[in-house]
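Peer 1: Numbering that gives the first Met the number 0 puts the last residue of the sequence shown at 364; the count rises by one with no breaks.
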Amino acid sequence: MIEIRDKKLCSGCTACASICPVNCISMERDEEGFLYPVVDMSRCIKCGLCEKICPILNRQVDTKHKPRAYALVHKDLDIRMNSSSGGAFSLLADYVLDKGGVVFGASFDEKFNVCHTYIENKEDLQKLRASKYVQSDMRDSFKKAKELLDSGRLVLFTGTACQIGGLKSYLRKDYDNLITQDLICHGVPSPLVWEKYLEYRYSKAHAKIQEISFRDKHLGWLLFSMRMKFANNKTYRKSHITDPMFIMFLFNKCLRPCCYACSFKTITRQCDITLADFWGVNSVCRKMNDGKGVSLVLIHTKKGEEIFNAIKDKANYLEVPFDKAVAHNEMYTKSVSEKKVREKFFKDLSRLPFSKMIRKYGRLI
Ligand SMILES: Cc1cc2nc3c(=O)[nH]c(=O)nc-3n(C[C@H](O)[C@H](O)[C@H](O)COP(=O)(O)OP(=O)(O)OC[C@H]3O[C@@H](n4cnc5c(N)ncnc54)[C@H](O)[C@@H]3O)c2cc1C
Numbered sequence: 000m001i002e003i004r005d006k007k008l009c010s011g012c013t014a015c016a017s018i019c020p021v022n023c024i025s026m027e028r029d030e031e032g033f034l035y036p037v038v039d040m041s042r043c044i045k046c047g048l049c050e051k052i053c054p055i056l057n058r059q060v061d062t063k064h065k066p067r068a069y070a071l072v073h074k075d076l077d078i079r080m081n082s083s084s085g086g087a088f089s090l091l092a093d094y095v096l097d098k099g100g101v102v103f104g105a106s107f108d109e110k111f112n113v114c115h116t117y118i119e120n121k122e123d124l125q126k127l128r129a130s131k132y133v134q135s136d137m138r139d140s141f142k143k144a145k146e147l148l149d150s151g152r153l154v155l156f157t158g159t160a161c162q163i164g165g166l167k168s169y170l171r172k173d174y175d176n177l178i179t180q181d182l183i184c185h186g187v188p189s190p191l192v193w194e195k196y197l198e199y200r201y202s203k204a205h206a207k208i209q210e211i212s213f214r215d216k217h218l219g220w221l222l223f224s225m226r227m228k229f230a231n232n233k234t235y236r237k238s239h240i241t242d243p244m245f246i247m248f249l250f251n252k253c254l255r256p257c258c259y260a261c262s263f264k265t266i267t268r269q270c271d272i273t274l275a276d277f278w279g280v281n282s283v284c285r286k287m288n289d290g291k292g293v294s295l296v297l298i299h300t301k302k303g304e305e306i307f308n309a310i311k312d313k314a315n316y317l318e319v320p321f322d323k324a325v326a327h328n329e330m331y332t333k334s335v336s337e338k339k340v341r342e343k344f345f346k347d348l349s350r351l352p353f354s355k356m357i358r359k360y361g362r363l364i
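Okay, here's the thing in structure tokens:
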């Protein structure tokens, strides 16, 4: 049965907990705030399924098949302004919802925890739109997706590459009615750090948070900002180079251990389509950059190509050579480096008030 001896070898995808035939694996938080599987040995029947389907322990070798690459912007400016990059995700989601399908992705719950959920109509699409830079709690998404797939529904499952890897391992077979989309991923910060940051913002504003965007574009796409709206009509807005949560995230102080040695950052992905910000767009197709966001779309499969062909008329797009497309986005194949400060960061997190954490770790020095 699954036993986490090295935290770098667990992405918390939930495949093991979801497959367990006697439901004896629960996902429990460690002291850093990340979820790991914990086996109730008194109920375990030692079937070994949890180990057999772990996407990291059973990782297959990358074939290095290069995907087709596109720069893309959604034609609807409103959607693009509310998306992280060029709004490519919304095009995929609309395609599936128009066919009566279901879309899984990361959303905020009522307390602004980040968790996976699914939507069935376009009115709910805003919940999944835009990046939330915190590890998303998968809850029972894998089981629900399987149920929907087995009933014949079209499913678009979106998330980080480790979440897609986990889903594929858990399903153990290919489904024609499953479309998968992952992301180029810097790494995922701790949900506990995020919770503490929310409490801090709440204490500063003396009012409840009503809305959050990690990708406010009032200073432009490149200088994206954290925006929080409060019940007292106040708004907090800081760019990613001054907001403390972004500094802790982007300087790799509070990421999940496996993000420093990610097994999923391969050229060939397990999904149909990978989405990202088209960083470096100016050196490939400057004309497409109006400062409001350009998506990088990487197509890995025939299915991905068919979908791209079906949605492309709703976008402005340009095919670009793969090597140039990812030249400024090394996170596609490279894990971030682990900072020495990480260990100290999490020790301090358990003993210091968050205002002190911000002074110590949330500033550019
Ligand atoms: C944690 C994280 C790190 C990222 N790092 C990079 C990077 O280093 N370089 C880069 O170019 N792009 C990165 N991205 C991707 C980028 O932020 C955009 O998500 C991508 O460009 C798609 O944007 P969009 O405009 O097409 O759609 P959007 O509407 O902005 O994207 C929505 C999509 O993001 C998914 N999503 C949002 N939050 C999460 C989450 N916490 N976990 C899993 N899925 C989530 C939704 O399910 C949906 O599929 C990262 C995304 C996340 C979530």
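Using N, Cα and C, we set each Cβ at its ideal position, and we do this for glycine too.
Assign Ile-306 to buried or exposed, taking buried as 16 or more other Cβ atoms, counted over all protein chains shown, within 10 Å of its Cβ.
Peer 2: Ile-306 comes out buried.
Peer 1: Looking at Val-187: is its Cβ nearer than 8 Å to the Cβ of Cys-258?
Peer 2: yes
Peer 1: Please name the residue in Ala-160, Asp-173, Ala-204 and Leu-166 whose C-alpha comes closest to that of Cys-184.
Peer 2: Ala-160
Peer 1: Could you check where the alpha helix (DSSP H) with Asp-149 kicks off and where it finishes?
Peer 2: Segment 140-149, the alpha helix (DSSP H) holding Asp-149.
Peer 1: Which residues in the same chain have their Cβ closer than 6 Å to the Cβ of Asp-17, if we skip the five residues on either side of it in sequence?
Peer 2: What sits at residue 17 in the sequence shown is Ser, not Asp. Once the five neighbours on either side are set aside, the close Cβ partners of Ser-17 are Phe-141, Lys-142 and Tyr-169.
Peer 1: Please report the straight-line C-alpha distance between Lys-286 and Ser-84, rounded to a whole angstrom.
Peer 2: 16 Å
Peer 1: Evaluate the contact criterion for the region 41-57 versus the region 190-198: three or more CB pairs, one atom per stretch, below 8 Å.
Peer 2: no
Peer 1: Would you say His-115 and Arg-152 are within 8 Å of each other, going by their C-beta atoms?
Peer 2: No, they are not a contact pair.
Peer 1: When you compare only the Cα positions, how much space is there between Tyr-331 and Lys-6?
Peer 2: Between Tyr-331 and Lys-6, the C-alpha separation is close to 22 Å.
Peer 1: Based on the DSSP output, what are the partners of Pro-188 in its beta bridges?
Peer 2: According to DSSP, which records beta bridges pairwise, Pro-188 is partnered with Leu-254.
Peer 1: Are Asp-242 and Ser-262 close, meaning C-beta to C-beta below 8 Å?
Peer 2: no
Peer 1: To the nearest angstrom, how far is the alpha carbon of Ile-78 from that of Arg-226?
Peer 2: 17 Å
Peer 1: What separation, rounded to the nearest whole angstrom, lies between the Cα atoms of Leu-90 and Asp-181?
Peer 2: About 14 Å.
Peer 1: Measure the beta-carbon distance from Glu-50 to Ile-1 and round it to whole angstroms, keeping in mind my assumption that it falls under 8 Å.
Peer 2: 6 Å
Peer 1: Identify every residue that forms a DSSP beta bridge with Leu-317.
Peer 2: Per DSSP, Ala-70.
Peer 1: Would you tell me roughly how many angstroms separate the C-alpha atoms of His-239 and Glu-119, rounded to the nearest one?
Peer 2: His-239 and Glu-119 have their alpha carbons spaced roughly 32 Å apart.
Peer 1: Assign Glu-27 to buried or exposed, taking buried as 16 or more other Cβ atoms, counted over all protein chains shown, within 10 Å of its Cβ.
Peer 2: Exposed, by the Cβ-count rule.
Peer 1: To test your reading of the DSSP string, which unbroken alpha helix (DSSP H) runs of 4 or more residues are found completely within the region 31-111?
Peer 2: 48-51, 76-80 and 87-97
Peer 1: Quick check for students: name the residue ranges of the beta strand (DSSP E) that lie wholly in the region 216-283, counting only runs of 3 or more.
Peer 2: 224-229, 234-238 and 272-276
Peer 1: Since I believe Asn-176 is in contact with Val-192 (beta carbons under 8 Å), could you give me their beta-carbon distance rounded to a whole number of angstroms?
Peer 2: Not a contact, Cβ separation roughly 37 Å.
Peer 1: Using a threshold of 8 Å, state whether the C-beta atoms of Thr-267 and His-64 are closer than that.
Peer 2: yes
Peer 1: State the start and end residues of the unbroken alpha helix (DSSP H) segment that holds Val-21.
Peer 2: It is not in any alpha helix (DSSP H) - Val-21 carries neither H nor E in the DSSP assignment.
Peer 1: By alpha-carbon positions, which one of Ser-106, Lys-228, Glu-194 and Gly-99 ends up nearest to Ala-206?
Peer 2: Lys-228
Peer 1: Have a look at Leu-295, Lys-252 and Ser-336 and flag the residue whose alpha-carbon is nearest the alpha-carbon of His-73.
Peer 2: If you compare the alpha carbons of Leu-295, Lys-252 and Ser-336 with that of His-73, the shortest gap goes to Leu-295.
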